[in-house]
Amino acid sequence: MRDALADLIEVFGFEARAFGSSESFLAAHAPGLFGCLITDLNLPGESGLQLRQRLRALEPSLPVIIISAQANPAASALALSCGALAYLTKPINDQVLLQHLTLALGQATPRA
Amino acid sequence: MPSPLAPEMSRGRPAAAYWQFDVADAWALLDTSVTKGGPGWARDGFERFLARVRIVAVSEAALLLFDLPWDRARVTARPIGSLWPESGLAALSDLLASLANAEADTILTRQIDRMDRLTDVVLTGWRSSDAPNPLLVSVSVQATLDSREALLAFEESPPRSLISSLPIPLWHVDARAAGRVFDRLRADGVTDLDDYLSRRPDLVEVACEIVVVTEANRDAVELMGAGDPSELLRPVSYLFSMARETARRVMLAHFAGQRNHTEQAKVRTFDGRVRDVLLLVTFPVPGEQLDTTLVMMIDNTARLEAEARLRQIEADFSHAARLSTLGQMTASIAHEIKQPLSAILTNAETSLRWLAKADPNLPKVTQLAERIAASAQRAADIIARIQDMAGKRQPRHVQLDLNEVIREALNFVRHDSEERSIHVRLKLDEDLPPTIGERIQLQQVVVNLLVNSAQALEAVAPEEREIYVATYREEPGSVAFSIRDSGPGIPAADLDRVFGGFFSTKEAGMGIGLTICQSIVAAHRGVITALQPPAGGAEFRVVLPADPRTSQD
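Chain order of the listed sequences is A and B. The first sequence begins at 264 in this note's numbering and counts up by one. The second sequence begins at 343 in this note's numbering and counts up by one.
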């Protein structure tokens with residue numbers, strides 16, 4: 264799914280980098296380096312929510328989109344209250360993702 | 343035939359029995375030996391004495407009292423030492439020797455406290471002056487039968503007493519007529535009856551007509567579908583109506599002097615059904631009643647039918663349990679399938695977007711299409727796995743790697759565990775020898791135990807939810823796995839009961855899972871145990887035999 268999303272984002276015209284875990288992402292993270300973070304709730308090791316918490320400290324303005332297989336209203340409410348930009352359930356609707364990404368990256372239209 | 347125990351005897355009242363002995367040879371010995379009768383015989387002396395005593399007559403009561411076979415001819419031919427209990431021999435020989443010095447018509451007595459089942463035994467001996475043979479001594483034996491001992495002996499005694507009480511179809515058959523035919527054949531020089539019967543097959547028919555049933559018990563009547571025992575008391579021909587070959591083999595066994603003959607046979611009952619039975623024939627040997635050959639039939643049909651039904655019920659039960667487990671895992675299963683489906687969708691959409699561009703990145707689209715195919719295959723595999731688990735199947739036992747079985751089972755519950763924040767720790771012995779078993783059934787056991795553990799861990803805080811799965815070699819020739827959780831554990835008092843069925847601590851639990859686990863493990867000739875490990879929680883250990891063909895131990 265990681266690769267699929269990366270490819271989708273690229274066809275949108277954005278650049279994407281994929282990480283296998285929260286830890287590997289944080290290792291590569293530096294404020295301002297990334298425009299948006301898309302993460303699954305379920306990660307090996309630290310969960311997506313925990314990652315969101317960390318980012319609050321590291322880069323509070325980084326938009327985070329959370330995806331998950333669970334269509335659990337409680338989980339979605341929790342995620343949004345933690346400041347996630349959006350909570351999307353799998354299978355991902357590409358149009359919806361595009362809209363959120365666009366919003367997150369503050370651009371009216373993606374590069375062609 | 344008199345009843346087995348005369349009424350007086352069975353009530354423990356004294357009974358008398360008569361023996362008559364010819365003591366000519368025995369008394370002759372007395373003249374030549376140093377001591378002439380009286381107490382204090384050297385052991386050797388009295389045995390030699392008794393060996394020369396000949397039994398001339400014995401009364402029926404004596405036969406009963408001494409628990410001897412009815413065949414008098416046999417009794418009188420045997421030495422008295424083999425017929426009387428050892429505890430009575432000294433007194434008898436003393437009595438007989440003493441009479442040598444006594445005048446005719448003198449009565450002498452000897453007492454014996456206990457002689458086998460007889461107590462307060464009084465031997466009375468005399469020589470009759472008006473008897474044709476002056477050296478004929480009569481001895482009457484009066485004794486009290488120890489009824490408890492007698493009952494024990496009665497129960498152990500030859501079949502004449504058991505026929506009505508055995509819960510197995512039993513016939514008494516008088517095969518002496520056939521025996522006489524065999525004797526004549528032997529006298530004519532026949533040594534190979536099989537060969538003879540091939541040339542004269544009608545002899546089998548003849549034998550079936552001259553050998554007759556003299557008694558049959560209730561179970562025999564039932565087996566044959568008869569209304570009345572009397573219907574069975576006729577030539578044995580009807581027993582072999584479907585199997586003349588069986589009759590022939592029984593004859594061969596009889597001719598060869600075998601003690602027993604058994605074989606699987608078919609019997610046609612009087613009401614036309616065919617029964618599968620195990621036929622057992624026991625021929626009498628000298629000393630036993632020669633007119634009684636025992637025939638028993640153990641009905642296989644009922645047993646085989648019951649076994650088949652039981653196997654079917656077990657399979658159904660096992661299947662139901664699998665469906666139940668799968669039902670509980672619906673959310674897991676849905677989630678698992680969603681993964682490849684999501685990937686397919688996203689990749690397809692990406693492909694379409696590429697293809698819609700002025701300058702499509704075709705190599706990329708090819709790559710995406712390949713990924714779609716791979717994801718679709720993964721989804722198909724997941725479904726196949728589930729169908730496998732859910733299916734009703736004939737068990738197939740093959741060589742298995744227990745580690746793989748466990749990994750596959752873990753796959754089933756992986757999502758569920760993640761949902762519940764359960765940390766599963768694996769410690770698999772990579773050098774584990776293979777075992778033989780039914781893959782799906784063993785997976786069912788592992789999944790069941792994992793699901794139970796997961797449910798138990800609900801009672802514990804999320805960060806403390808752990809399941810430890812390990813495989814190891816318990817001892818040479820076996821492999822084992824254990825599943826331990828960090829939950830509340832099983833109370834010591836319940837450790838034995840958990841497999842008993844309908845034992846559940848869950849509100850909606852049916853508690854059949856562990857019973858099925860145990861029955862599957864037993865069918866694999868293994869053992870499953872519930873434990874209270876020192877670290878707390880509950881632990882289940884399953885030990886299975888290793889594949890003997892590859893055992894290196």
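All C-beta atoms in this analysis are idealised placements derived from N, C-alpha and C, irrespective of residue type, glycine included.
Looking only at its chain, what residues have a beta carbon closer than 7 angstroms to the beta carbon of residue i, apart from the 5 residues adjacent to it on each side?
i	result
Glu750 (chain B)	Gln785
Gln370 (chain A)	Here Gln370 (chain A) scores only 46 on pLDDT, less than 50, and its place in the model is too uncertain to base an answer on.
Thr302 (chain A)	Gly311, Leu314, Val327 and Ile329
His739 (chain B)	Ile778, Gly779 and Glu780
Pro373 (chain A)	With a pLDDT of 40 at Pro373 (chain A), under the threshold of 50, the predicted position of this residue should be treated as unreliable, though the coordinate-derived value follows. Within the same chain, Pro373 (chain A) has close Cβ partners Phe275, Gly276, Phe277 and Thr365.
His661 (chain B)	Lys734
Arg586 (chain B)	Val546
Ser572 (chain B)	none
Hey, out of the options, whose CA is closest to residue i's CA?
i	options	result
Ala663 (chain B)	B:Val627, B:Arg781, B:Ile862 and B:Glu587	B:Ile862
Gln333 (chain A)	B:Val788, B:Val400 and B:Arg762	B:Arg762
Ala446 (chain B)	B:Pro421, B:Asp462, B:Val464 and B:Asp472	B:Asp472
Ala721 (chain B)	B:Leu687, B:Arg610 and B:Trp426	B:Leu687
Arg322 (chain B)	B:Arg590, B:Pro577 and B:Leu752	No answer is possible for residue 322 (chain B): the residues shown for chain B start at 343 and end at 895.
Ala290 (chain A)	A:Leu321, A:Thr365 and A:Val359	A:Leu321
Leu410 (chain B)	B:Lys706, B:Arg617, B:Asp836 and B:Gln631	B:Gln631
Ala403 (chain B)	B:Ala368, B:Glu772, B:Gln484 and B:Ala370	B:Gln484
Ser401 (chain B)	B:Asn642, B:Ala359, B:Leu441 and B:Ala432	B:Ala359
Thr857 (chain B)	B:Gly569, B:Asp838 and B:Leu873	B:Asp838
Ala368 (chain B)	B:Thr418, B:Phe582, B:Asn790 and B:Val479	B:Val479
Pro737 (chain B)	B:Gln797, B:His866 and B:Leu668	B:His866
Leu210 (chain A)	A:Asn335, A:Ala267, A:Gly346 and A:Ala338	No statement about residue 210 (chain A) is possible, as the shown extent of chain A runs from 264 to 375 and does not include it.
Val616 (chain B)	B:Gln606, B:Thr624 and B:Phe625	B:Gln606
His677 (chain B)	A:Gln362, A:Thr352, A:Leu368 and A:Phe297	A:Thr352
Pro577 (chain B)	B:His596, B:Ile552, B:Ala558 and B:Asp658	B:Ile552
Thr525 (chain B)	B:Gly599, B:Ser660 and B:Ser583	For clarity, residue 525 (chain B) is Asp in the given sequence; the question names Thr instead. When each option's Cα is compared against that of Asp525 (chain B), the closest is B:Gly599.
Ser579 (chain B)	B:Ala589, B:Ala432 and B:Glu573	B:Ala589
Leu319 (chain B)	B:Val417, B:Asp364 and B:Ala399	As shown, chain B starts at 343 and ends at 895. That puts residue 319 (chain B) outside it, with no answer to give.
Asp534 (chain B)	B:Ala585, B:Pro682, B:Leu594 and B:Trp426	B:Leu594
Thr556 (chain B)	B:Arg541, B:Leu575 and B:Gly569	B:Leu575
Lys608 (chain B)	B:Asn602, B:Arg601, B:Val627 and B:Ser583	B:Ser583
Apart from the five residues on each side of it in sequence, which residues of its chain come closer than 6 angstroms, Cβ to Cβ, to residue i?
i	result
Ile272 (chain A)	Ala279
Ser674 (chain B)	His757 and Asp758
Met852 (chain B)	Model confidence at Met852 (chain B) stands at a pLDDT of 48, short of 50, so the residue's coordinates are unreliable and nothing is read from them.
Ala338 (chain A)	none
Thr871 (chain B)	Arg883
Glu808 (chain B)	His765 and Ser828
Ala239 (chain A)	Since the first and last residues shown for chain A are 264 and 375, residue 239 (chain A) lies out of range.
Pro294 (chain A)	Glu322
Below 8 angstroms CB to CB, which residues in the same chain sit around residue i once its five sequence neighbours on both sides are set aside?
i	result
Phe823 (chain B)	Leu744, Ile748, Val788, Val811, Ala812, Thr813, Tyr814, Arg883 and Val884
Pro501 (chain B)	Any reading at Pro501 (chain B) must be qualified, since the residue scores a pLDDT of 44, below 50, and its modelled position is unreliable; the value itself is stated next. Leu512, His514, Thr634 and Leu636.
Asp561 (chain B)	Leu508, Pro509, Ile510, Pro511 and Leu512
Tyr538 (chain B)	Leu527, Val532 and Leu545
Asp723 (chain B)	none
Leu304 (chain A)	Ser310, Gly311, Leu312, Ile329, Ile330, Ser331, Gln333, Ala338 and Ala342
Gln783 (chain B)	Ser660, Pro737, Ile862, Ala865 and His866
Beta carbon of residue i: closer than 7 angstroms to some heavy atom of the ligand FMN?
i	result
Glu678 (chain B)	Ligands are entirely absent from the displayed structure, and the ligand FMN is therefore not among its contents.
Can you list the alpha helix (DSSP H) stretches of 4 or more residues lying completely in the region 505 to 559 of chain B, in chain order? Complete alpha helix (DSSP H) runs here, min 4: 518 to 529, 535 to 541 and 544 to 552.
Decide yes or no for the touch test of the region 554 to 572 of chain B against the region 526 to 546 of chain B: beta carbon pairs closer than 8 angstroms, at least 3 of them. Between the region 554 to 572 of chain B and the region 526 to 546 of chain B there are fewer than three inter-stretch CB-CB distances shorter than 8 angstroms, so the stretches are not counted as touching.
Evaluate contact between the region 822 to 840 of chain B and the region 873 to 883 of chain B, counting only Cβ atoms and requiring at least three cross-stretch pairs below 8 angstroms. Short answer: they touch.
So, does the region 728 to 740 of chain B touch the region 765 to 777 of chain B, judging by three or more C-beta pairs under 8 angstroms? As far as the Cβ criterion goes, the region 728 to 740 of chain B does not touch the region 765 to 777 of chain B, which means the pair count is below three.
According to a CB-to-CB cut-off of less than 8 angstroms, which residues of the region 805 to 823 of chain B neighbour chain A? Going along the region 805 to 823 of chain B in chain order, one finds no residue with a Cβ nearer than 8 angstroms to chain A.
Using 8 angstroms as the Cβ pair cut-off and three pairs as the minimum, do the region 635 to 650 of chain B and the region 613 to 622 of chain B touch? Judged by pairs of C-beta atoms under 8 angstroms, the region 635 to 650 of chain B touches the region 613 to 622 of chain B, as three or more such pairs exist.
Touching or not, the region 520 to 533 of chain B and the region 548 to 555 of chain B, by the rule of three or more beta carbon pairs under 8 angstroms? A contact exists between the region 520 to 533 of chain B and the region 548 to 555 of chain B.
Any C-beta of chain A within less than 7 angstroms: which residues of the region 758 to 791 of chain B qualify? So the close ones are Glu760.
What residues from the region 663 to 685 of chain B come within 7 angstroms of chain A, judged by C-beta to C-beta, listed N to C? Of all residues in the region 663 to 685 of chain B, His677, Lys680, Gln681, Leu683, Ser684 and Ala685 have a Cβ within less than 7 angstroms of some Cβ in chain A.
Identify each residue in the region 339 to 359 of chain A for which the Cβ-Cβ distance to at least one residue of chain B is less than 7 angstroms, and report them in chain order. Residues Lys353, Pro354, Ile355 and Asp357.
I want to know whether the region 707 to 724 of chain B touches the region 682 to 697 of chain B - three or more CB-CB distances under 8 angstroms. The answer is yes - the region 682 to 697 of chain B touches the region 707 to 724 of chain B, with three or more Cβ pairs under 8 angstroms.
Name, going along the chain, the residues of the region 268 to 292 of chain A whose beta-carbon falls closer than 7 angstroms to a beta-carbon of chain B. Within the region 268 to 292 of chain A, those residues whose Cβ lies closer than 7 angstroms to any Cβ of chain B are, in chain order, Leu268, Asp270, Leu271 and Val274.
Can you list, in chain order, the residues of the region 685 to 702 of chain B whose Cβ is nearer than 7 angstroms to any Cβ on chain A? Going along the region 685 to 702 of chain B in chain order, one finds Ala685, Leu687, Thr688, Asn689, Glu691, Thr692, Arg695 and Trp696 with a Cβ nearer than 7 angstroms to chain A.
Inside the region 444 to 486 of chain B only - beta strand (DSSP E) runs reaching at least 3 residues: Here the runs fully enclosed are 450 to 457 and 460 to 469.
Which residues, taken in chain order from the region 307 to 337 of chain A, show a beta carbon closer than 8 angstroms to some beta carbon of chain B? Among the residues of the region 307 to 337 of chain A, those with a Cβ less than 8 angstroms away from any Cβ of chain B are Ala332 and Gln333, in the order of the chain.
List in chain order: all unbroken alpha helix (DSSP H) runs of 4+ residues lying wholly within the region 717 to 803 of chain B. If we require 4 residues or more, the alpha helix (DSSP H) runs fully inside the region 717 to 803 of chain B come out as 744 to 761 and 781 to 798.
Report the residue ranges of all alpha helix (DSSP H) runs contained in full by the region 565 to 611 of chain B; include only those spanning at least 4 residues, in chain order. The qualifying runs are 586 to 597.
Check distances from the C-beta atoms of the region 710 to 728 of chain B to those of chain A and list, in chain order, the residues that come in under 8 angstroms. Answer in chain order: Leu710 and Arg713.
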